[in-house]
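Enquirer: One structure, pasted below without further comment.
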Amino acid sequence: MQFLLLIYDTEANFLNMTPEQVGAMYQEYGKFTQEITAAGKHRAGGQLKPISSASTVRVRHGKRVVTDGPFAETKEQLGGYYLVEAADLDDAIAMAGKIPSARTGSIEVRPLWVHEARADSAKG
Amino acid sequence: MDFEKLHREESGRILSTLIGLLGDFDLAEEMLQEAYATAIQKWPADGVPANPRAWLVSTARNKAIDRLRRDRCFDTKRDEIARYAESTVQPDTDATDEMFPDDRLRLIFTCCHPALPTEAQVALTLQTVCGVTTEEISRAFLIPLATMAQRLVRAKRKIRDAGIPYRIPSQDDLRDRLEAVLLVVYLIFNEGYLASRGDALIRRELCAEAIRLGRVLCQLLPQQPEAQALLALMLLHDSRRDARVSSQGELVLLEEQDRSLWHREQIKEGTGLTESALRSGAAGAYAVQASIAALHANAKTPMDTDWRQIAGLYDILLRDNPSPVIEVNRAVAVAMGRSLEEGLALLDELEKRGALAEFHVLPTARADLLRRLGRNGEAADAYRQALALATNDVERRFLRGALAKIES
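Residue numbers (my numbering), protein chains in the order written: chain A, 1 to 124; chain B, 1001 to 1408.
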């Protein structure tokens, strides 16, 4: 079976950490990623940029509507994800608008941090 | 050299070019500030360069290259920017416009990206494209300076973090994205035109900036009738600026305005642009609104107003953009063009539906028609109802005045 492990935390706490604390946390994450990679269990993972960088895409009456901010309604449930490579936000929005559920639900578009060497260990 | 004027008129174009060259809003703004500082120091002694704009671009770019070299931060992106910018280095004094692209369209589309909140799109466009300072924007929108500054910082951060491209949208997206740009321009205009709060001079500036933006859009996107139509609409509304407020700062109704104060040249230009937008085929919402404004502006007296045609135009507008406010306007046009009773019946129906229950617009329009019908008692009731809902000082004064008149 495959599982998606979603990481929820208070963003402000992370932003208020000292560089040492951040370093220690990344180290711990790196260690965990290595463990599950060594066990052959790691498929994909990454760190999202702050929620302020989020956009939401919906298609209604055949028209694509883009809004600032994360998906914010509670009556819909997280039903899947795509991790995609896009040239820029417009490229990502164009793909999001073609996802079938954009017509009935919402697609939250979140950029990921791409750390050079360090993130590679986090990504495995 | 009037540096303030230079900044207002040229900073948008200069900044757009610099962001294109440097790929970074903050760096471009900072370097432009430094280039201004150098200009203020040098020009009075050395003379103003042949092309101040190109001089400022090349000076700011050279400063950016120096900065990037000094930082040498093993950042490949920055190295790339420095190499690219260096490849076009020319002596400052010989700088010409041909050396640098006019990137204002890219800047406008980036600032009006739908992934930014609308109020941030408005502020960012005013700041970067129009060269309005953060302080002036905060005063114009009556928002604390710190809040406005934060809004701008957040917007720029989102552009960077979310990967909003510095680009004119593809042909597929152009229509929708242009709609967003035009909305921002119209919001800026309306903030200046409709708001009765705040400093009159600042509001006047906002209208002027919106019209200037409209002109830039028409110049850079000559094939877009809706851009033409929006410019026409703004010119036609703005042509009444000296007649619509009395010397005591009171609102003057259209039919009571001194039409000799209307700016004829602006009406002529706005009417010409409206006709040209209509000729291009599919008339959008701005073209229809501009047509209505042109019919009002070209009527020599209130009696000469072609209300029947105006009612027909509101029909078209309603078909594409159903809205109770437009229904009120249409009912008034019907009342003036066909019969007061017919118009009043349309307003009563709107009221029965419970439309616009929290706004003064509907009772104000009803009061006016009842007054015209000589039903003063009912008119007074409607004015009182409007007064209870109106929040704006100028409108409240107007309503109290109208109420006093029929009660006397």
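Where a beta carbon is used, it is the ideal one built from N, C-alpha and C, also for glycine.
At the level of alpha carbons, what is the spacing between ALA117/A and LEU48/A?
Expert: Note that ALA117/A has pLDDT 43, beneath the 50 cutoff, so the model's placement of it is unreliable and the number below is only indicative. Approximately 17 angstroms, taken between the alpha carbons.
Enquirer: Per DSSP, ILE107/A is paired with what?
Expert: VAL57/A
Enquirer: Using a C-beta cutoff of 8 angstroms, does LEU1116/B count as contacting chain A?
Expert: yes
Enquirer: Taking only the alpha-carbon atoms, compute the straight-line gap between THR1271/B and ALA1095/B and give it to the nearest angstrom.
Expert: C-alpha separation (whole angstroms): 40 angstroms.
Enquirer: Which of the three DSSP states, helix, strand or coil, is assigned to ARG1241/B?
Expert: coil
Enquirer: Go ahead and label PRO111/A buried or exposed: buried means 16 or more other beta carbons lie within 10 angstroms of its beta carbon, across all protein chains shown.
Expert: buried
Enquirer: Note down, in chain order, each residue of its chain lying with its Cβ closer than 6 angstroms to the Cβ of ASP1238/B, except the 5 sequence neighbours on either side.
Expert: Correct list, in chain order: CYS1207.
Enquirer: Can you say whether PRO1049/B is buried or exposed, counting buried as having 16 or more other CB atoms within 10 angstroms of its CB?
Expert: buried
Enquirer: Please report the distance separating the alpha-carbon of GLY62/A from that of THR104/A.
Expert: 11 angstroms
Enquirer: Shorter than 8 angstroms from the beta carbon of LYS1156/B to some beta carbon of chain A?
Expert: no
Enquirer: What residue from HIS1113/B, GLN1309/B and GLU1269/B has the CA that sits closest to ALA1180/B's CA?
Expert: HIS1113/B
Enquirer: Are the beta-carbon atoms belonging to ARG1069/B and ILE1014/B less than 8 angstroms from one another?
Expert: Going by C-beta atoms, ARG1069/B is not nearer than 8 angstroms to ILE1014/B.
Enquirer: Are the CB atoms of LEU1356/B and ARG1384/B within a distance shorter than 8 angstroms?
Expert: Their beta carbons are not under 8 angstroms apart, which means ARG1384/B does not touch LEU1356/B by this criterion.
Enquirer: Spell out whether any CB of chain A is found under 8 angstroms from the CB atom of GLY1163/B.
Expert: yes
Enquirer: Kindly indicate if chain B contains any beta-carbon less than 8 angstroms away from that of LEU89/A.
Expert: yes
Enquirer: Would you check if the distance between the CB atom of LEU1344/B and the CB atom of VAL1328/B is smaller than 8 angstroms?
Expert: No, these two residues do not count as a Cβ contact at 8 angstroms.
Enquirer: Can you list, in chain order, the residues of its chain whose CB lies under 8 angstroms from that of THR1147/B, leaving out five sequence neighbours each side?
Expert: SER1138
Enquirer: Rounding to the nearest angstrom, what Cα-Cα distance links TRP113/A and GLY45/A in this structure?
Expert: 11 angstroms
Enquirer: Kindly indicate which three-state DSSP category VAL1057/B falls into: helix, strand or coil?
Expert: In this structure, VAL1057/B counts as helix in the three-state DSSP scheme.
Enquirer: Indicate whether the contact test is met: 3 or more Cβ pairs, each with one atom in the region 1158-1178 of chain B and one in the region 87-97 of chain A, closer than 8 angstroms.
Expert: yes
Enquirer: Along the beta strand (DSSP E) that carries LYS1005/B, what are the first and last residues, could you check?
Expert: Note, LYS1005/B: premise wrong, no beta strand (DSSP E); alpha helix (DSSP H) at 1003-1022.
Enquirer: Assign PRO100/A to one of two classes, buried (16 or more other C-beta atoms within 10 Å of its C-beta) or exposed (fewer than that).
Expert: exposed
Enquirer: Taking the alpha helix (DSSP H) that ARG1319/B belongs to, which residues open and close that run?
Expert: 1307-1320
Enquirer: Measure from the alpha carbon of SER1280/B to the alpha carbon of each residue in PRO1225/B, PRO1302/B, THR1364/B and ARG1308/B, then state which is nearest.
Expert: PRO1225/B
Enquirer: Grouping DSSP H, G and I as helix and E and B as strand, with all else coil, what is LYS75/A?
Expert: The three-state secondary structure of LYS75/A, taken from DSSP, is coil.
Enquirer: Can a CB atom of chain A be found closer than 8 angstroms to the CB of SER1323/B?
Expert: Answer no: the Cβ-Cβ gap between SER1323/B and chain A never drops below 8 angstroms.
Enquirer: Closest Cβ-Cβ distance between VAL66/A and chain B: below 8 angstroms?
Expert: yes
Enquirer: When DSSP builds the beta bridges, which residues end up paired with LEU1124/B?
Expert: Bridge partners of LEU1124/B: none, in fact.
Enquirer: Count the C-beta pairs between the region 1309-1316 of chain B and the region 1279-1299 of chain B that are closer than 8 angstroms, then say yes if the count reaches three, no if not.
Expert: Touching, per the Cβ criterion.
Enquirer: Please tell me whether LYS98/A has its Cβ less than 8 angstroms away from any Cβ of chain B.
Expert: no
Enquirer: For chain B, check one thing: does any of its Cβ atoms lie closer than 8 angstroms to the Cβ of PRO19/A?
Expert: no
Enquirer: Secondary structure at ARG64/A, three-state DSSP: helix, strand or coil?
Expert: strand
Enquirer: Give the straight-line distance between the Cα atoms of MET106/A and THR56/A, rounded to the nearest whole angstrom.
Expert: Per the sequence shown, residue 106/A should be read as Ser rather than Met. Each residue's Cα considered, the two are about 7 angstroms apart.
Enquirer: Excluding sequence positions up to five away, which residues of its chain have a Cβ less than 7 angstroms from the Cβ of LEU1027/B?
Expert: ALA1064
Enquirer: Does the structure place the region 1323-1339 of chain B close enough to the region 1359-1378 of chain B that three or more beta carbon pairs sit under 8 angstroms?
Expert: yes
Enquirer: Name the chain B residues whose beta carbon is nearer than 8 angstroms to that of PRO70/A?
Expert: What PRO70/A touches in chain B: nothing, since even the nearest Cβ is about 12 angstroms away.
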